[in-house]
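Novice: Structure provided below as structure tokens; questions to follow.
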Amino acid sequence: VSLKNASSNYCQIAIQGPDAIGILQKLTETELAPIKYYHFVEGKIDGVDAIISRTGYTGEDGFEIYAAADKAEQLWNKMLGTGRDGEEGGILPCGLAARNTLRLESAMSLYGHELGDDISTLEAGLGWITKLGKGEFTGSNAIAKLKEEGVKRKIAGFEMTEPGIARDGFDVYVGDEKVGTVTSGSPAPYLKKNIGLAFLPPDFAKEGQEIKIDVRGKRLSARVVPTPFYKRVK
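Going from the sequence shown to the numbering used here is simple: count from 1 and add 73.
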């Protein structure tokens, strides 16, 4: 078996938000409503062969379109134009920083932050995708042992209770004891709060736990809260 990286042959354009289905449906004869979340179909968008996937990295409903790379400009301009001319509120391009606030409000993990080679799926809160009953796989014995013994750290959400923004890598304290590390932090425009995720020991990852975060030499107050911070209305 040989594998070839063909990524450069394809483009991916994500259209996200509650109006995404209405905008995209104008450009395809494929019925979008029956597509379940995390499922995809093959169809045409503005006459272009594409994979239409009901997935995204924002926590909102939406679609990711995969097509030939040389069709990217056509699809981008058509979707942007259709959105501006159609649905109330229109459509705007979204940059990486804006996308990151959306994924954080929805408590979606980011590789290099809540995911990594040194982070188990159980620590990352992704035990639901690790099926130990389907046979052995690389790392299954280690995960089974960790599940039996219990994790020593887990991802927890927090919100700042005094002004300040916690960024990844900042230390977390309970009293004078360093207990964890922030993995992601940002202002949350929709929630109008400063929020974040951190690795904490299970005993300190419970809702309502008061913590301190070292923000550039000042230990600022925060509180552990449930995640996701924002959950879309289905």
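The beta carbon of each residue, even a glycine, is placed where N, CA and C say it ideally should be.
Val121 and Leu97 - do their beta-carbons sit closer together than 9 Å?
Specialist: The sequence position of residue 97 within the sequence shown is 24, counting from 1. The sequence position of residue 121 within the sequence shown is 48, counting from 1. No, the Cβ-Cβ distance between Leu97 and Val121 is not below 9 Å.
Novice: Does the Cβ-Cβ distance between Glu317 and Gly269 come in under 9 Å?
Specialist: The requested residue 317 is not part of the displayed model; the chain covers only 74 to 307.
Novice: Which residue marks the beginning of the alpha helix (DSSP H) containing Asn214, and which one marks its end?
Specialist: Working through the sequence shown from its first residue, we reach residue 214 at position 141. Where Asn214 is concerned, the enclosing alpha helix (DSSP H) stretches over Ser213 to Glu222.
Novice: Quick one: using the 10 Å Cβ neighbour count with 16 as the cut-off for buried, is Arg127 buried or exposed?
Specialist: One-based indexing of the sequence shown puts residue 127 at position 54. Burial call: buried.
Novice: When the Cα atoms are used, what is the spatial distance from Glu102 to Asn82?
Specialist: In the sequence shown, the residue the question calls residue 102 occupies position 29. In the sequence shown, the residue the question calls residue 82 occupies position 9. Whole-angstrom Cα-Cα distance: 25 Å.
Novice: Buried or exposed for His112, going by 16 or more other Cβ atoms inside 10 Å?
Specialist: As a first step, residue 112 is located in the sequence shown; it is residue number 39 there, counting from the start. By the neighbour-count rule (16 or more Cβ atoms within 10 Å), His112 is not buried but exposed.
Novice: Mind checking who Tyr139 pairs with in its DSSP beta bridge?
Specialist: Here residue 139 refers to the residue found at position 66 when the sequence shown is read from its first residue. DSSP lists Gln85 and Ile124 as partners of Tyr139.
Novice: Considering only the alpha carbon of each residue, which of Ala79, Pro260 and Gly230 lies closest to Glu283?
Specialist: As a first step, residue 283 is located in the sequence shown; it is residue number 210 there, counting from the start. Residue Gly230 is the option with its Cα nearest to Glu283.
Novice: Note down, in chain order, each residue of its chain lying with its Cβ closer than 7 Å to the Cβ of Glu137, except the 5 sequence neighbours on either side.
Specialist: As a first step, residue 137 is located in the sequence shown; it is residue number 64 there, counting from the start. Closer than 7 Å at the Cβ level, and outside the excluded window around Glu137, lie Gln85, Ala87, Ser126, Thr128 and Gly129.
Novice: For Asn78, name the three-state secondary structure that DSSP assigns.
Specialist: On the sequence shown, position 5 is the one that residue 78 refers to. Correct three-state label for Asn78: coil.
Novice: Does the structure place the stretch 282-299 close enough to the stretch 162-173 that three or more beta carbon pairs sit under 8 Å?
Specialist: no
Novice: Just reading off the beta strand (DSSP E) that Gly198 is part of, what are its end residues?
Specialist: As a position in the sequence shown, residue 198 is number 125, starting the count at 1. Where Gly198 is concerned, there is no enclosing beta strand (DSSP E), given that its DSSP letter is neither H nor E.
Novice: Provide the residue span of the beta strand (DSSP E) that contains Lys296, from first to last.
Specialist: In the sequence shown, the residue the question calls residue 296 occupies position 223. For clarity, residue 296 is Arg in the given sequence; the question names Lys instead. From DSSP, the beta strand (DSSP E) with Arg296 extends over Lys291 to Val298.
Novice: Just to confirm, is the Cβ distance from Pro275 to Lys227 under 9 Å?
Specialist: For the purposes of this step, residue 275 is taken as the residue at position 202 of the sequence shown. For the purposes of this step, residue 227 is taken as the residue at position 154 of the sequence shown. Result yes, Cβ atoms of Pro275 and Lys227 sit closer than 9 Å.
Novice: Kindly indicate which residue of Ile118, Ile108 and Val255 has the alpha-carbon position closest to the one of Asp288.
Specialist: As a first step, residue 288 must be located in the sequence shown, where it is residue number 215. A small correction: the amino acid at residue 288 is Val; Asp does not occupy that position in the sequence shown. It is Val255 whose Cα lies nearest to the Cα of Val288.
Novice: How is Lys227 classed by DSSP in three states: helix, strand or coil?
Specialist: Indexing the sequence shown from 1 puts residue 227 at position 154. If DSSP states are grouped into helix, strand and coil, Lys227 belongs with the strands.
Novice: Using the rule of at least 16 other Cβ atoms within 10 Å of the residue's Cβ for burial, across every protein chain shown, is Thr211 buried or exposed?
Specialist: Position 138 of the sequence shown, counted from the start, is the residue given in the question as residue 211. Exposed is the call here.
Novice: Measure the C-alpha to C-alpha separation of Glu187 and Val298 and round it to an integer number of angstroms.
Specialist: Translated into positions along the sequence shown, residue 187 becomes position 114. Translated into positions along the sequence shown, residue 298 becomes position 225. Cα to Cα, Glu187 sits roughly 17 Å from Val298.
Novice: Return the first residue and the last residue of the beta strand (DSSP E) that Ile118 is part of.
Specialist: For this step, residue 118 is matched to residue 45 along the sequence shown. Taken as a continuous stretch (DSSP letters only), the beta strand (DSSP E) holding Ile118 covers Phe113 to Ile118.
Novice: Pick helix, strand or coil for Leu153, following the three-state DSSP scheme.
Specialist: The residue given as residue 153 occupies position 80 in the sequence shown. Helix at Leu153.
Novice: Measure the alpha-carbon distance for Ile108 versus Leu177 and round it to whole angstroms.
Specialist: As a working note, residue 108 is residue 35 in the sequence shown. As a working note, residue 177 is residue 104 in the sequence shown. Their Cα atoms are separated by approximately 25 Å.
Novice: Would DSSP call Leu175 helix, strand or coil?
Specialist: Here the question's residue 175 lines up with position 102 in the sequence shown. Correct three-state label for Leu175: helix.
Novice: Let's test the definition: count the other Cβ atoms within 10 Å of the Cβ of Asn267 and tell me whether it reaches 16, buried, or not, exposed.
Specialist: Here residue 267 corresponds to residue number 194 of the sequence shown, with the count starting at 1. With 16 or more Cβ atoms within 10 Å of its Cβ, Asn267 is classed as buried.
Novice: Please say whether Gly253 and Phe277 have beta carbons closer to each other than 9 Å?
Specialist: Within the sequence shown, residue 277 is the residue found at index 204, counting from 1. Within the sequence shown, residue 253 is the residue found at index 180, counting from 1. The answer is yes: Cβ separation under 9 Å.
Novice: Kindly indicate the opening and closing residues of the alpha helix (DSSP H) around Ala93.
Specialist: Counting from one through the sequence shown, the residue named residue 93 turns up at place 20. DSSP places Ala93 inside the alpha helix (DSSP H), whose first and last residues are Ala93 to Gln98.
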